[in-house]
Amino acid sequence: MVSRQTPYQAAVEYINMGLAVFPVVYKGKTPLTKNGCKDATTDAAVVKGWWQKWPNANIGIATGAKSNGLLVIDLDVDDNRGIDGYQTLRDWEKKHGHLPETIQSITGGGGYHLLYRGAQRVGNRAKVLEGIDVRGEGGYIIAPPSIHPNGMSYEWEQSPDEYAIAPANELVYQLIEYGRYPTNGFAVPEKVLTGERNQSMFRFACSLQSKGFSDEAIIAAIQIENEKRCDPPLSEKELEKTIQSALKYEKGTKIVNSKRWESPKPCMEQTVNLRYDENGKVQQTIENICEVLRNDPALKNHLRYNTLSYSPFIFGAVPWSPNTQFREWNNADDSNLKCYVEGKYGLKNMEKIMEAFTVVVNEHPFNPVADYLESLIWDQKPHIENLLPDFLGVAKSRYSVESMKLFMLGAINRAYHPGCKFDYMLVLVGEQGAGKSTFFKLLAGRDEWYNDNFNTIDGDKAAEKLRGMWIVELAELLAVKKAQQVESIKAFITSTVDTYRPPYGRRTEQRPRVCVFAGTTNSSHFLTDRTGNRRYLPLLVNKRAAKRSMFEQPDKVAEEFRQAWAEAFHIYRTENPALVLPCDLQEEVKEVQNSFVEEDVRVGIIQEWLDNTTERYVCIAMVYKEALNNEFTKPDRRTSNELHDIMQHSIRGWRRMPGKKKFRTYGAQISYERCPNTFWECYNETLF
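Residue numbers (the numbering used here): 99 to 786.
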């Protein structure tokens, strides 16, 4: 567990989880770096340098965007002050429902930290309820195994070894916003009957809108009040229409008459308010250009940032491209934007225009994969379990079903929580022309989200090929045989963040992974390493057993894949599953993986010799000489390591012993002992 490691080892575990860390004073909470939590990073080299300098430093984890949307519910427990945030939360949960299970730590002071991944930007908030604070954007927490000023250590109660960081659901956001609901304004009656429901929900939404609450908080509050007060509750469609009617009015402006309900008036269209110098000339500032991009009627809400491809997009028509519906921003758009802003507003500095463009675009992020998943409506029928058997002829088993489900849940988690830990790769094994790549292409949902030509793991080239991808197929890379290359591929697959320097960029960027990796191969023995195969989930394809073609009735085939995603998304939202295979399936998984390991002819020879020898203890030198008949040579280091690997992972009935044992001919060597209840015990019993 992370809490039993050194501070540096724990810090490395955290950055592998996509959490940005920084060093904090030992037995304290004061940052050791100049800019505090602003210096937090997931860069392994920087982290190593910090803990080499301060090996006993406590670990700070930045909350908010730096750690991929991390938000923390901070429960303060202090007997001296009569505060018990833990009990406050339990009381709140009795009325509103239980928060999702997630990793949580016990602070040195006796409080608790509950960690969640948030899709919404949340700031730090104090006293949401008595003893409950929130750590969000710009905040940080102290993490295990740090030491509190009182000498007690921070420890994991539910650790990252056992749980994933759960996505923040509507209950988490309801708790965060709970203490901020207005105590005045419109109050929903205890019971709202048919004929009054729309009006009551509309008035309550307008009341919250006038107080300046976020859209997400308003939606959550209205949904809760609808379920609690309305008899019967409004349908999802009716409620959404009512909420949207209130949200179109300006936040922070009173839009509900306190004496009687009346239709509010929409706020006037905003105009572009530029700043001028003392001579009446428009100021050539980034602030002025941002004002244009935010409020010019032809540009407002048309410039957005794609979090999947890390690039700007145009939504709808713009002055120089009136027929555009939706496309990626290109170099010509840079020039056209400059012409428009310069010609209409007299703002001429190209560098400042592009800096303002970056600012405004990043204010409007969108996630195309999330939009796709949320648009799906599940028909309540099982589809995931039939994808592989129906289209690829994979034998249906619990292993194949759970592997397919896990892969899809990993893809969904990566879309919503970029950089989350997901090491598994689904590998389709079978003859050429079976449709393995076609299957993954259909699974990706959009051609532009799928890459089947990924052939490098080197630096910026690899990061650029991952840009905009949701499912990435590794085909050629699975064919490598050299141990160093195999290890490099394993490390690449398990990485959660890519460090990338854009062309002409002034600095490197940390890009949390939004994709998952899939594999295809024709080789039934593609695994060359016996010790690092847990990340591969191989499945044997049999096109003659496939029940359906992926090339006939393409609309129906596409709908089948969409329904599978709808089912997976339902599981993701309602069950919050851990991204691991079930524990009781692990032995079967190992057996399947071992069946795809490259054959080593020495295994059978050694096993035969060991089964027939009367020796109770053997060593590698003995195996090399006597089992493999190498009478006049000694094993080199590589061969010795390979034989140790065979003894520990491929040989039945023998186990490695601690320390070294002295052998008559071979001296002190690492030894292996015949396991109990095997031939040796039977042999002794016959003698005595």
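Note that CB positions come from ideal geometry on N, CA and C, so glycine has one too.
- Residue 681 is classed as exposed because its beta carbon has fewer than 16 other beta carbons within 10 Å across all chains shown.
- From the listed residues 214, 345, 245 and 738, the smallest Cα separation to residue 232 is found for 214.
- Considered as a whole, the region 699–757 harbours 715–717 as its complete beta strand (DSSP E) runs of no fewer than 3 residues, in chain order.
- In this structure residue 164 is buried. Its beta-carbon is surrounded by 16 or more other beta-carbon atoms within 10 angstroms.
- Rounded to whole angstroms, the separation of the alpha carbons of residue 479 and residue 640 is 25 Å.
- Just so you know, the alpha carbons of residue 541 and residue 659 end up roughly 6 Å apart.
- Annotation: the continuous alpha helix (DSSP H) that includes residue 668 extends over 652–673.
- For residue 676, there is no enclosing alpha helix (DSSP H), as DSSP marks it with neither H nor E.
- 119 is the residue among 124, 142 and 119 whose C-alpha sits nearest the C-alpha of residue 133.
- Put simply, the backbone Cα of residue 254 is about 9 Å away from that of residue 210.
- Taken through DSSP and simplified to helix, strand or coil, residue 487 comes out as helix.
- For residue 301, the enclosing alpha helix (DSSP H) has its first and last residue at 295–308.
- Cβ atoms of residue 252 and residue 186 stay farther apart than 8 Å, at about 21 Å.
- Between the C-alpha atoms of residue 716 and residue 742 there is a straight-line separation of about 12 Å.
- For residue 204, no alpha helix (DSSP H) run applies; the uninterrupted beta strand (DSSP E) run containing it begins and ends at 202–204, by DSSP.
- Going by beta carbons, residue 167 and residue 221 fall outside the 8 Å limit.
- Between residue 501 and residue 683, the alpha-carbon positions lie close to 10 Å from each other.
- A distance below 8 Å separates the beta carbons of residue 406 and residue 466.
- Proximity of the region 749–767 to the region 712–726 meets the contact definition, three or more beta-carbon pairs being nearer than 8 Å.
- Taken through DSSP and simplified to helix, strand or coil, residue 505 comes out as helix.
- For residue 431, the enclosing alpha helix (DSSP H) covers residues 429–443.
- The alpha-carbon of residue 267 is positioned some 8 Å away from that of residue 197.
- Separation of residue 646 and residue 561 (C-alpha to C-alpha, rounded to the nearest whole angstrom) is 36 Å.
- Residue 383 is bridged by DSSP to nothing; it lacks a bridge partner.
- In the DSSP assignment, residue 210 falls within the beta strand (DSSP E) that extends over 210–215.
- In this structure, the alpha-carbon of residue 422 lies about 7 Å from that of residue 416.
- Taking a contact as a CB-CB distance under 8 Å, the pair residue 320 and residue 345 does not count as one, their CB atoms being some 10 Å apart.
- In terms of Cβ geometry, residue 170 and residue 184 do not form a close pair [threshold 8 Å].
- If you draw a 10 Å sphere on the C-beta of residue 534, you find 16 or more other C-beta atoms in it, and that means buried.
- Nearest in C-alpha terms to residue 109, of all of 146, 372 and 301, is 146.
- For residue 746, same chain residues with a beta-carbon under 8 Å away, outside a window of 5 residues either side, are 754 in chain order.
- In the pairwise beta carbon analysis, the region 422–440 is classified as not touching the region 607–620: fewer than three pairs are separated by under 8 Å.
- Contact check for residue 393 and residue 373: beta-carbon distance about 13 Å, past the 8 Å limit, so the pair fails to qualify.
- Judged by their CB atoms, residue 510 and residue 667 are nearer to each other than the 8 Å cut-off.
- In the DSSP annotation of this structure, residue 546 is not part of any beta strand (DSSP E), being labelled neither H nor E.
- The shortest CA-to-CA distance from residue 543 to any of 731, 514, 657 and 241 is the one to 657.
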